[in-house]
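Structure record follows, encoded as structure tokens.
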Amino acid sequence: MNNKQRFFGNRIVFGAFIITVFTVAIINNTPAFYMTPVNQEFGFTTAQFSVSYAMAALGAAVGAMFAGYLIEKMPIRLMMVLGSIATGIAFMTLSIATQLWQFYILFFIADASMMTIANVPLTSMLNNWFIDKRGTMTGLVFAGAGLGAIFLSPLTELMIQSLGWKTAVFISGAIILVTAIPVSALIFYKKPSDVHQVPFTYPEGSPQAIKAAEKREKEEREKGAEDPHSGVPKKIALRSSAFLFLTMGLFCMGMVASGVMVHIPNFLYDIDMNAGLVMSVLSIGLLIGTFAIGIVIDRFSVNASILLSTVLFIFGMVSLYFTTNIPALAYVTAVLVGLSVCISAVGPPLLTATIFGMKDYSFLYGLNYALFLVGCMVGPVFCGIIYDTSGSYNLVWIINILIAIGMFVFCNFSLKAGKTLRSKFSESASI
């Protein structure tokens with residue numbers, strides 16, 4: 500762009516950041532604070548109320564697929580405004596729930612609705628608005644969830660202690676409405692052509708432009724990445740080995756991210772450590788990592804970012820293994836895990852765009868993200884079963900190392916298969 504100050508893509512990034520700081524952080528990070536007070540008031544067991552989190556993950560999976568369909572059928576602003584209203588009201592309505600089935604349904608609705616204003620539309624817009632700096636901007640936007648968690652988590656705990664859980668959850672839902680509706684209604688445009696602009700690229704002749712061009716020529720010449728309408732049609736993509744490998748890789752990614760994040764606090768309580776400070780350190784690591792991983796993707800490749808995340812995660816699990824005897828390692832673990840699981844925020848959208856292009860991106864990403872969330876559902880339950888069976892978390896950490904290796908292997912296979920698929924499809928399309 501010749502006039503960067505007037506480039507509307509910067510406003511898209513700002514609006515998306517607001518969505519992740521408040522809506523995504525509230526929905527993803529604060530529900531755990533309500534388990535104890537709700538159970539105490541209504542007599543639910545931990546296992547009974549924990550089903551709410553599985554329902555939330557199921558809702559997110561369904562919502563991701565639904566959002567991938569809706570974004571092609573209706574204006575993005577209308578979809579996101581309606582999604583904002585549904586998300587905020589569902590979360591506020593938790594304040595009057597009294598039965599388990601009511602909590603299950605409301606958590607399902609809140610997470611399903613959030614998908615229509617979060618991952619699917621936000622990554623679709625970012626991929627449309629940015630050719631260069633795409634990874635950096637995606638990382639910046641989703642770092643907002645980590646930033647929100649840093650201050651919203653203690654704020655939620657404070658509100659519960661001083662005002663009660665019902666008032667706290669009502670206020671949290673109201674925050675979603677107040678922040679998400681105006682941003683969704685006034686800022687977002689699906690693609691640059693909607694406002695007579697073009698996607699961001701570095702100024703012609705600049706060192707960044709030359710480096711970016713060399714990277715595209717070396718790695719993505721056959722992909723046609725600069726054309727927002729290019730890519731593999733969904734009918735072909737769904738039948739490809741690239742899609743199968745990506746599904747397996749994202750499933751593993753969901754398992755390690757969700758399973759470990761849910762069970763670290765319980766592990767720390769088992770060894771008589773206060774999980775609050777450790778999880779705060781982890782949130783800071785997650786914030787830094789989510790932004791940094793985008794830079795790694797832009798400067799190197801998506802595959803390099805997954806390799807880095809896998810290595811950091813393995814070191815984190817090794818650190819956890821020895822934390823029982825050396826409690827100070829819990830803080831080392833927090834940093835390593837925070838820096839590694841951030842790949843779960845930027846990995847699914849950028850892998851989808853890199854492998855299949857932008858032609859049917861919204862549909863394919865919605866489906867891929869739903870499959871990623873299936874891993875998020877399975878991970879905590881699987882880790883819990885291993886813990887109950889073995890009586891220790893040591894085996895859990897070892898198995899998660901193997902799953903993380905599987906994540907890298909499957910994603911790597913998918914990228915290679917996708918490169919071949921894009922090349923063959925481009926050749927056939929040019930004939």
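Going by the working numbering, the residue at position 389 of the sequence shown is 888; the numbering climbs one at a time, nothing skipped.
Ideal Cβ placement from N, Cα and C applies to all residues, glycine included.
Just so you know, these numbers come straight off a predicted model, no measurement behind them.
Ignore the nearest five residues each way along the sequence and tell me which others in L478's own chain have a CB closer than 7 Å to its CB. Nothing about residue 478 can be read from this structure; the chain reaches only from 500 to 930.
Thinking C-alpha only, which one of S612, L811 and N528 is nearest L646? Translated into positions along the sequence shown, residue 646 becomes position 147. Comparing C-alpha distances from L646 to each of S612, L811 and N528 shows the shortest one belongs to N528.
Any 3 or more C-beta pairs closer than 8 Å across the region 587–606 and the region 541–559: Under the three-pair Cβ rule at 8 Å, the region 587–606 counts as touching the region 541–559.
Please report the residue range of the alpha helix (DSSP H) in which A524 lies. Your numbering for residue 524 matches position 25 in the sequence shown. Unbroken alpha helix (DSSP H) run through A524: A524 to N528.
Opposite F629 in the DSSP bridges: which residues? On the sequence shown, residue 629 is found 130 positions in, with the first residue counted as 1. F629 pairs with F699.
Residues bridged to G730 (per DSSP): What you label residue 730 is simply residue 231 of the sequence shown in a count that begins at 1. Residue pairing by DSSP puts G730 in a beta bridge opposite G856.
Quick check: the Cα distance between K722 and A736, rounded to an integer number of angstroms? Taking the sequence shown and counting its residues from 1, one reaches residue 722 at position 223. Taking the sequence shown and counting its residues from 1, one reaches residue 736 at position 237. Residue confidence for K722 is low, a pLDDT of 47 falling below 50, so the modelled location carries little weight and cannot support an answer.
Taking the Cβ atom as the reference point for each residue, do G837 and V780 lie within a distance shorter than 9 Å? By one-based count along the sequence shown, residue 837 stands at place 338. By one-based count along the sequence shown, residue 780 stands at place 281. Against a cut-off of 9 Å, the Cβ pair of V780 and G837 comes out as a contact.
Could you check whether M760 and F909 sit closer than 9 Å to each other, using their CB atoms as the reference points? Position 410 of the sequence shown holds residue 909. Position 261 of the sequence shown holds residue 760. Cβ atoms of F909 and M760: not closer than 9 Å.
When you compare only the Cα positions, how much space is there between R921 and F687? For the purposes of this step, residue 921 is identified with residue 422 of the sequence shown, where counting begins at 1. For the purposes of this step, residue 687 is identified with residue 188 of the sequence shown, where counting begins at 1. Separation of R921 and F687 (C-alpha to C-alpha, rounded to the nearest whole angstrom) is 30 Å.
Can you tell me where the alpha helix (DSSP H) with I942 in it begins and where it stops? Residue coverage of the chain in this structure runs from 500 to 930, which leaves residue 942 outside it and unanswerable.
Under 9 Å between C-beta atoms of I813 and I900: By 1-based counting over the sequence shown, the position of residue 813 is 314. By 1-based counting over the sequence shown, the position of residue 900 is 401. Cβ atoms of I813 and I900: closer than 9 Å.
Between which two residues does the alpha helix (DSSP H) harbouring Q539 extend? As a first step, residue 539 is located in the sequence shown; it is residue number 40 there, counting from the start. Note, Q539: alpha helix (DSSP H), M534 to F541.
By the three-class DSSP mapping on this structure, what secondary structure does K722 have? By one-based count along the sequence shown, residue 722 stands at place 223. Only weak support exists for where K722 lies, its pLDDT of 47 falling under 50; the value from the coordinates is given anyway. Look at K722 here: in three-state DSSP terms it is helix.
Can you check which of these residues, I770, A791 and A741, is closest to I854 by C-alpha distance? Position 355 of the sequence shown holds residue 854. Nearest to I854 by alpha-carbon distance, out of I770, A791 and A741, is A741.
How is D771 classed by DSSP in three states: helix, strand or coil? Residue 771 sits at position 272 when you count from the first residue of the sequence shown. Judged by DSSP in its simplified three-state form, D771 adopts coil rather than helix or strand.
8 Å contact criterion, which T586 and S612 should meet: CB distance rounded: As a working note, residue 586 is residue 87 in the sequence shown. As a working note, residue 612 is residue 113 in the sequence shown. With 8 Å as the limit, T586 and S612 qualify as a contact, their Cβ atoms being about 4 Å apart.
Look up M636 in the DSSP assignment and say whether it is helix, strand or coil. To locate residue 636, count along the sequence shown from 1; it is residue 137. Helix at M636.
Can you tell me whether DSSP reads I608 as helix, strand or coil? Locating residue 608 in the sequence shown gives position 109, counting from the first residue. I608 falls in the helix class under three-state DSSP.
For S861, collect the residues of the same chain with a Cβ closer than 7 Å to its Cβ; drop the 5 residues on either side in sequence, then sort them by chain order. Here residue 861 is taken as the residue at index 362 of the sequence shown, counted from 1. Taken in chain order, the residues that qualify are G567, I570, E571, V619 and S623.
Considering Cα atoms alone, identify which of T822, F699, M857 and K632 is closest to V795. Counting from one through the sequence shown, the residue named residue 795 turns up at place 296. Comparing C-alpha distances from V795 to each of T822, F699, M857 and K632 shows the shortest one belongs to K632.
Terminal residues of the alpha helix (DSSP H) in which S583 lies: For this step, residue 583 is matched to residue 84 along the sequence shown. Segment I575 to T592, the alpha helix (DSSP H) holding S583.
Three-state secondary structure (DSSP) at Q547? Residue 547 sits at position 48 when you count from the first residue of the sequence shown. Q547: helix per DSSP, three-state reduction.
Grab the span of the alpha helix (DSSP H) containing Y830 for me, first residue to last. Here the question's residue 830 lines up with position 331 in the sequence shown. L828 to V840 is the extent of the alpha helix (DSSP H) around Y830.
Counted within 10 angstroms of its Cβ, other Cβ atoms place F513 as buried (16 or more) or exposed: The residue given as residue 513 occupies position 14 in the sequence shown. By the neighbour-count criterion, in which a residue is buried when 16 or more other Cβ atoms sit within 10 angstroms of its Cβ, F513 is exposed.
Beta carbon of V640, beta carbon of L625: below 9 Å? Position 141 of the sequence shown, counting from 1, holds the residue named residue 640. Position 126 of the sequence shown, counting from 1, holds the residue named residue 625. Less than 9 Å divides the Cβ of V640 from the Cβ of L625.
Helix, strand or coil, according to DSSP, for Y868 in the structure here? Position 369 of the sequence shown, counted from the first residue, corresponds to residue 868. When secondary structure is reduced to three states using DSSP, Y868 falls in the helix class.
Taking V520 as part of the alpha helix (DSSP H), name the residues at either end of that continuous run. Working through the sequence shown from its first residue, we reach residue 520 at position 21. Note, V520: premise wrong, no alpha helix (DSSP H); not H, not E.
Just curious, the alpha helix (DSSP H) that P692 is in, first and last residue? For the purposes of this step, residue 692 is taken as the residue at position 193 of the sequence shown. For the record, residue 692 in the displayed sequence is Ser; it is not Pro. Where S692 is concerned, there is no enclosing alpha helix (DSSP H), given that its DSSP letter is neither H nor E.
Leaving out the 5 sequence neighbours to the left and right, which residues in its chain are closer than 6 Å to V524 when beta-carbon positions are compared? Reading the sequence shown from its first residue, position 25 is the one you call residue 524. Looking at the sequence shown, residue 524 is not Val but Ala. In the same chain as A524, and ignoring 5 residues on each side of it, the C-beta atoms closer than 6 Å to its own belong to A644, G647, A648 and L651, in chain order.
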